[in-house]
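Heads up: the sequence shown is residues 668 to 955, going by my numbering. Each residue gets a CB set at the ideal place from its N, CA and C atoms; glycine is no exception. Keep in mind the model is a prediction, meaning the values are calculated, not measured. Report on one structure; see the data block that follows.
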Amino acid sequence: MALGNFDGVHRGHQALLAKTAEHAGALKAPLVALTFEPHPRRFFVADTAPFRLTLPPAKIRLLEQYGVQAVLAQRFDPAFAAVSAEAFVDEVLLGGLGARHVVCGYDFTFGSRRSGNVEKLRKMGDKRGFGMTVLDPVMREGEIYSSTRIREALRAGMASEATELLGHPWEIEGVVEQGDQRGRTIGFPTANVALGEHLRPRFGVYAVRALVDGSWRNAVANLGKRPTVGKLQENFEVHLFDFAGDLYGTTLRVQLLDFIRPEMKFAGLDQLKAQIAADGQAARTILA
């Protein structure tokens, strides 16, 4: 059993899953990931700004990609937050799940008020007869792979850096909602994708790919508040190149691959249209 939040399922998480797979193979046991929903940070700081790298569908998909056979999401609510460290091990890991070997990162904590740490888990494993492996920090050029570092990269608009840290492109996945359909009136129809609990990367224009009917299609996307048209509410608008179709109500996966420019306010629609055309050409060049 791999333990953690696994937000992003980045290269550090992937190393932990590979280590878990080694033990699962030796024990001829299924490889299971135990994670927590909502993210504990959301529970303890309810009014925190959106910060998630991966919402549950994406997290499950990535965990499966890296060898996990089942994902168990423990509901993180007041009752679970009050569970002692000993009860978490005895009632959840052992009594509930029958864990034979657990693998976690060096900084894993558990139990009410974070009263349990990896050393406590190791001692409990020795007493109760389950195996325990702690993964040391996974580094790149002296820097630890972490969800925090990836969030910083995305907030700075460094989409390609985030891809390198994750080991896969970062995606926004959401339902295509009805927008004001302004894009189609100026020749650039867009899919308005709900942002939900996703982290907000730097506002601006990105070269992206979107998954439509099983195929990744090149596109350009604008994330921001559209100051030129005065809406001033967050929108993530994706213009698919050479595409005609109705995507309303479907769930769209969009990979952010490169940052083109920051959000700007234009003098009028003609200037905006010219810039959108230039952005589209820039995205096509990047994606080629």
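Between ASN885 and PHE908, the gap from beta carbon to beta carbon is short of 8 Å. Contact annotation, HIS677 with ILE811: C-beta distance approximately 10 Å; criterion of less than 8 Å not satisfied.
Residue range 918–929 is occupied by the beta strand (DSSP E) that includes PHE926. Of the candidates GLU930, LYS932, LEU729, the residue whose Cα lies closest to the Cα of GLY675 is LEU729.
CA-CA distance, GLU840 to LEU919, rounds to 6 Å. Within the segment 684–725, the beta strand (DSSP E) runs of at least 3 residues that lie entirely inside it are, in chain order, 699–704.
Within the same chain, LYS892 come within 7 Å of GLN900 by CB-CB distance, once the 5 residues on both sides are set aside. Of the candidates VAL921, ARG767, LYS787, the residue whose Cα lies closest to the Cα of SER751 is LYS787.
At a Cβ-Cβ threshold of 8 Å, ALA737 and PRO697 count as neighbours.
In the DSSP assignment, GLY792 falls within the alpha helix (DSSP H) that extends over 785–795.
Distance between GLU904 and ARG822, taken at the CA atoms: about 18 Å. Beta-bridge pairing by DSSP links PHE903 to LEU890. DSSP places ALA766 in no alpha helix (DSSP H); its state is neither H nor E. Excluding residues up to 5 positions away in sequence, ALA826, SER827, THR830, PRO836, TYR873, ALA874, VAL875, ARG876, ILE953, LEU954 lie with their Cβ nearer than 8 Å to the Cβ of LEU924 in the same chain.
Under DSSP, ILE953 takes part in no beta bridge, so it has no partner.
Under the 10 Å beta carbon count, MET668 is surrounded by 16 or more other beta carbons and is classified as buried. DSSP, read as helix, strand or coil, puts GLU753 in helix. THR800 carries a strand assignment under DSSP once its states are collapsed to helix, strand and coil.
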